[in-house]
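The listed protein sequences correspond, in order, to chains A and B.
Heads up: the first sequence begins at 0 in numbering that gives the first Met the number 0, then just goes up one per residue.
Heads up: the second sequence begins at 0 in numbering that gives the first Met the number 0, then just goes up one per residue.
Here a beta-carbon is modelled for each residue, glycine too, at the ideal position from N, C-alpha and C.
Data block below; observations after.
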Amino acid sequence: MESTRKPEHPLLAARSGNLRRRRAANRGMEISAWVAAVLAVGVLALVIASVAVKGIGSISLDFLTKNADPNALGSTGGIGNALVGTGILVGLATLMAVPVGILVAIYTNEFASARSRNTIRYFLDLLNGVPTIVTGIFIFGLLVAGHQQSGFAGSVALAVVMLPLVARSCQEVLALVPETTKEAGLALGASRWRTTVSVVVPTALSGMITGALLAVARALGETAPLLFVSSIFAPTLASDPSQPLPSVPVVIFQFSESPEPAKHDQAWAAALVLIAVVLLISIVARILSARMRRRLGAAR
Amino acid sequence: MTTETTTATPPVSALLAGKGRGIVDRFGDRALYVLTLAAALLSVAIVLGLAYKIVDEASSAFSTFGFGFLTSSDFDPVKGNFGAADFIYGTVVSSFGALLLATPISIAIALFLTELAPRSSRTAIGTLVELLAGIPSVILGLWGIIILGPFLNDHFEPILHAVLGWIPLFGGQYGLVGMFPAILILTIMTVPIVSSLTREIFATVPPTDKEGALALGATRWEMIKTVVLPYSRPGIVGAVILGLGRAVGEAIAVTQVIGNTAAIHSNIFLPADTLASKIANSYQGAATDLQISSLAYFAVILFVLSLIFNSVARLLVRSVESRSRSSG
Numbered sequence: 000m001e002s003t004r005k006p007e008h009p010l011l012a013a014r015s016g017n018l019r020r021r022r023a024a025n026r027g028m029e030i031s032a033w034v035a036a037v038l039a040v041g042v043l044a045l046v047i048a049s050v051a052v053k054g055i056g057s058i059s060l061d062f063l064t065k066n067a068d069p070n071a072l073g074s075t076g077g078i079g080n081a082l083v084g085t086g087i088l089v090g091l092a093t094l095m096a097v098p099v100g101i102l103v104a105i106y107t108n109e110f111a112s113a114r115s116r117n118t119i120r121y122f123l124d125l126l127n128g129v130p131t132i133v134t135g136i137f138i139f140g141l142l143v144a145g146h147q148q149s150g151f152a153g154s155v156a157l158a159v160v161m162l163p164l165v166a167r168s169c170q171e172v173l174a175l176v177p178e179t180t181k182e183a184g185l186a187l188g189a190s191r192w193r194t195t196v197s198v199v200v201p202t203a204l205s206g207m208i209t210g211a212l213l214a215v216a217r218a219l220g221e222t223a224p225l226l227f228v229s230s231i232f233a234p235t236l237a238s239d240p241s242q243p244l245p246s247v248p249v250v251i252f253q254f255s256e257s258p259e260p261a262k263h264d265q266a267w268a269a270a271l272v273l274i275a276v277v278l279l280i281s282i283v284a285r286i287l288s289a290r291m292r293r294r295l296g297a298a299r
Numbered sequence: 000m001t002t003e004t005t006t007a008t009p010p011v012s013a014l015l016a017g018k019g020r021g022i023v024d025r026f027g028d029r030a031l032y033v034l035t036l037a038a039a040l041l042s043v044a045i046v047l048g049l050a051y052k053i054v055d056e057a058s059s060a061f062s063t064f065g066f067g068f069l070t071s072s073d074f075d076p077v078k079g080n081f082g083a084a085d086f087i088y089g090t091v092v093s094s095f096g097a098l099l100l101a102t103p104i105s106i107a108i109a110l111f112l113t114e115l116a117p118r119s120s121r122t123a124i125g126t127l128v129e130l131l132a133g134i135p136s137v138i139l140g141l142w143g144i145i146i147l148g149p150f151l152n153d154h155f156e157p158i159l160h161a162v163l164g165w166i167p168l169f170g171g172q173y174g175l176v177g178m179f180p181a182i183l184i185l186t187i188m189t190v191p192i193v194s195s196l197t198r199e200i201f202a203t204v205p206p207t208d209k210e211g212a213l214a215l216g217a218t219r220w221e222m223i224k225t226v227v228l229p230y231s232r233p234g235i236v237g238a239v240i241l242g243l244g245r246a247v248g249e250a251i252a253v254t255q256v257i258g259n260t261a262a263i264h265s266n267i268f269l270p271a272d273t274l275a276s277k278i279a280n281s282y283q284g285a286a287t288d289l290q291i292s293s294l295a296y297f298a299v300i301l302f303v304l305s306l307i308f309n310s311v312a313r314l315l316v317r318s319v320e321s322r323s324r325s326s327g
């Protein structure tokens, strides 16, 4: 804005000798806010671009199908076993965390008193705030100490990380279901569980799927909970959850700690695969959630 | 209506008392209640079980070192002496350093998204900032060691060192790994969290208050300074505390870039270590039971910190919510 322009408010003009300074302060604030936003988006672009540029060269069919061996020297082939392992670990974790999370959300939204609703929310937030490395120690003590590492222990650890995410997001979408929709179901003579199962849950379904997908995206990238419970694995394809299973984030971590450049290349390629899957899931989840909010907004 | 073939509709009073409903419905209602209650209790039990388990594991370190553990900087597995002071120092410096950078950036982003950005691009930019939170920490750590660390070492730290080297903070040596890259990585991890929470809080500021300030002739910045920020202050503090919780507990990305050398020094370019990073690094290879127990003690410290952060943040965010509800 040109500083010579006259103030638009004649009443203000008499007292605003410092108008120019005020406008400059305003401009300064606007520019810093722009810079901050550009910076954040820029860092995102920079990280994704680095991963893409460094990783794309090592991506091949062999890389996706051959097995990782962090103990071998130099390049060890691929991440086939880690991909399978991650699929099993996160799949099992999802089977545990999503049903429980949905049930918790139904309890707090349909049955709980205000007091117990707050208590359960508090515990869920607390669980969400617990550092995942501490979750790793907990599951190590619970399932691994005295036994051995296992894929099952790893998936329980991931489920503990996912549970508060699923439960909290389901609580939020269930709260969006209009009270009138629920009452309509009850007024038709449907029982509570009938209303919940065939009216409330279907209305909120896409929102609940969003929550589950975001939790899956988070679990796919978690390293810390797996580090003590499912990290010592054979360089072969394994699918038995009673044995330790490799996973993509743990392989990236182990390769990144290695001094060998060949391992770094593999870490980048694995990172590219992981980041592509994680971002894809996050974006799909967001599209679903936007669609649902629009629909519920229109219904009201 | 043809009621001859079916049973007559029970009277309303019987319906309200739950009589006359099918056995399936009575059982279904009960089952749903019991099932959901069990799930809710399970989630509470997980938290309590986690607390019990880590305290139990830490008990032998606690009975050996007591609270002196927190102030002793002796961590020597060979001699069997363990203390957390160096790691607590590293945790405090790295997370406060990160929040020092992340707070103004996050507030600026939240302001940008609520007040400045063209309406059509708000969702898109907001989503991009949140996607930053979705990048797995192990990938940020990888980026930190291989790209950020060498870049800082070659281009940034020499300049900072030359210009501000007389301040102990920036003096001395610098290298590929250390506290400084850890602070930057933690900043990247906390900005999306703090900014999206802050944005939600800004959205609760009553529009009439904002319009009032603008109508009185305030510039946009003056309106923000006199209406939006004071109104949101407790909520912003809550958001920052939640970000702090995340920074304090991050193990993987930090252990990748911080250099894993515990020491207390004022220079932020030297390698250091944090509680979470030390657990990630040494728990697996711990040689003695006392060392394992000491690392579980670290976990207890982290758990207590997250308990405090969550409780305080909750109170603060709630105070904003209840105020916005009562005022309109």
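Note that the C-beta distance between B/PRO270 and B/GLY258 is below 8 Å. A direct Cα-Cα distance of roughly 11 Å separates B/LEU131 from A/LEU45. For B/ASP55, the enclosing alpha helix (DSSP H) has its first and last residue at 22–64.
Secondary structure of B/ASP75 (DSSP, three-state): strand. If you draw a straight line from the Cα of B/ARG25 to the Cα of A/PRO98, it is about 22 Å long. A/GLU29 has a beta carbon lying within less than 8 Å of a beta carbon in chain B. Residue state for B/ASN280 is assigned as helix, using DSSP reduced to three classes. Straight-line spacing of the CA atoms in B/ASP208 and B/PRO229 works out to 12 Å. Just so you know, the alpha carbons of A/PHE62 and B/LEU139 end up roughly 22 Å apart.
At a cut-off of 8 Å, the C-beta of B/THR63 has no neighbouring C-beta in chain A. When secondary structure is reduced to three states using DSSP, B/ASN309 falls in the helix class. Annotation for B/PHE95: the continuous alpha helix (DSSP H) segment containing it runs 84–110. Shown here, A/ASN108 sits in a helix according to DSSP, grouped into three states. Chain A places no beta carbon closer than 8 Å to that of B/GLU156, leaving this residue out of the contacts. Spatial neighbours of A/ALA152 in its own chain (CB-CB distance under 7 Å, excluding positions within 5 residues in sequence) are listed in chain order as ILE138, LEU142, VAL143, VAL228, SER229. Around the Cβ of B/ASP288, a 10 Å sphere holds fewer than 16 other Cβ atoms; the residue is exposed. Not a single CB atom of chain B sits nearer than 8 Å to the CB of A/VAL228. Contact of B/VAL176 with chain A by beta-carbon distance below 7 Å is absent, the smallest such distance being about 11 Å.
When secondary structure is reduced to three states using DSSP, B/ASN152 falls in the helix class.
For A/GLN148, no alpha helix (DSSP H) segment is defined, and its DSSP state is neither H nor E. Beta-bridge partners assigned by DSSP to B/ASN80: B/ASP75.
At least one CB atom of chain B sits nearer than 8 Å to the CB of A/ILE251. Just so you know, the alpha carbons of A/GLY135 and A/PRO224 end up roughly 4 Å apart. Taking C-alpha positions only, A/ARG193 is separated from A/SER115 by approximately 24 Å. From the listed residues B/ALA123, B/VAL91, B/ILE235, the smallest Cα separation to A/ALA39 is found for B/ALA123. Under the Cβ distance rule, B/TYR282 counts among the residues neighbouring chain A, one pair being separated by less than 8 Å. Taking 8 Å as the cut-off, the beta carbon of A/THR202 is found no closer than this to the beta carbon of A/THR179. Straight across, the Cα-Cα distance linking A/GLY100 with A/VAL52 is about 38 Å.
For B/GLN255, the chain A residues whose C-beta falls within less than 8 Å of its own C-beta are PHE252, SER255, GLU256, listed in chain order.
When C-alpha distances from B/LEU241 are compared across B/PHE155, B/VAL190, B/PHE150, the shortest belongs to B/VAL190.
At least one CB atom of chain A sits nearer than 8 Å to the CB of B/ALA275. Taking all protein chains shown into account, B/ASP85 has 16 or more neighbouring C-beta atoms within 10 Å of its C-beta and is therefore buried. Judged by DSSP in its simplified three-state form, A/ASP264 adopts helix. A direct Cα-Cα distance of roughly 36 Å separates B/ALA295 from B/GLU156. Under a criterion of Cβ atoms nearer than 7 Å, the residues of chain A adjacent to B/ASP28 are, in order, SER190, ARG191, TRP192.
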